[in-house]
Amino acid sequence: MLRHCVTAVVLLLAVAYTKCQIGSCPPTLSVEICDAKCGPTTPCNSTQLCCPTACGGSMCVDPMTQRHFVTLVKAGKCPEFPRGVWVCSHSCTGDSDCPRALKCCPNRCGALTCQRAEVEGNT
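Those letters in the sequence shown? Residues -20 to -1, 1 to 103, per mature numbering (1 follows the signal peptide of the UniProt record, and there is no 0), in order.
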């Protein structure tokens, strides 16, 4: 009897472990996927999370296990009059989240997105 209880507990722990992903979704993904590629009816594999995209879709991605908060301010300034699409969800929280020389700036809708910086002094 005790052996069956121990086996049941081990099996329950194994199932619970496979359902838990360590980490969280990265900042909103700025990809052109606007449909739900994952969700309750289409789950991700056991190592990935279903994360939102900037235009309202979702996709399976590897979770971020640790976020390094680095206060990096890149050269240039945010555009005074942003251009581009009207995406109203954030895809960055600071310049550190943006690749290369892109800065994290408010877009036309007011959401923070990675954009090309204007050179200081130019208007």
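Backbone N, C-alpha and C define an ideal beta-carbon position, used for all residues, glycine too.
Spanning the alpha carbons of Cys14 and Val67 requires a straight line of approximately 11 Å. Taken through DSSP and simplified to helix, strand or coil, Ser38 comes out as strand. Looking from the CA of Cys72, the closest CA among Arg63, Pro86 and Gly64 belongs to Pro86. Scanning its chain for C-beta atoms nearer than 7 Å, with the 5 sequence neighbours on each side dropped, one finds around Gly37 the residues Ile13, Cys14, Asp15, Ala16 and Lys17, in chain order. Judged by DSSP secondary structure, Pro32 falls within the beta strand (DSSP E) whose first and last residues are Leu29 to Pro32.
Under DSSP, Leu52 takes part in no beta bridge, so it has no partner. Taken through DSSP and simplified to helix, strand or coil, Ser76 comes out as helix. Boundaries of the beta strand (DSSP E) harbouring Thr93: Leu92 to Gln95, taken from the DSSP string. Looking at the DSSP output, Cys84 sits in a beta bridge with Cys94. Spatial neighbours of Met39 in its own chain (CB-CB distance under 8 Å, excluding positions within 5 residues in sequence) are listed in chain order as Leu9, Val11, Ile13, Lys17, Cys18, Cys30, Cys31 and Thr33. In this structure, the beta-carbon distance from Ala91 to Gly56 does not fall below 9 Å. Residue state for Lys57 is assigned as strand, using DSSP reduced to three classes.
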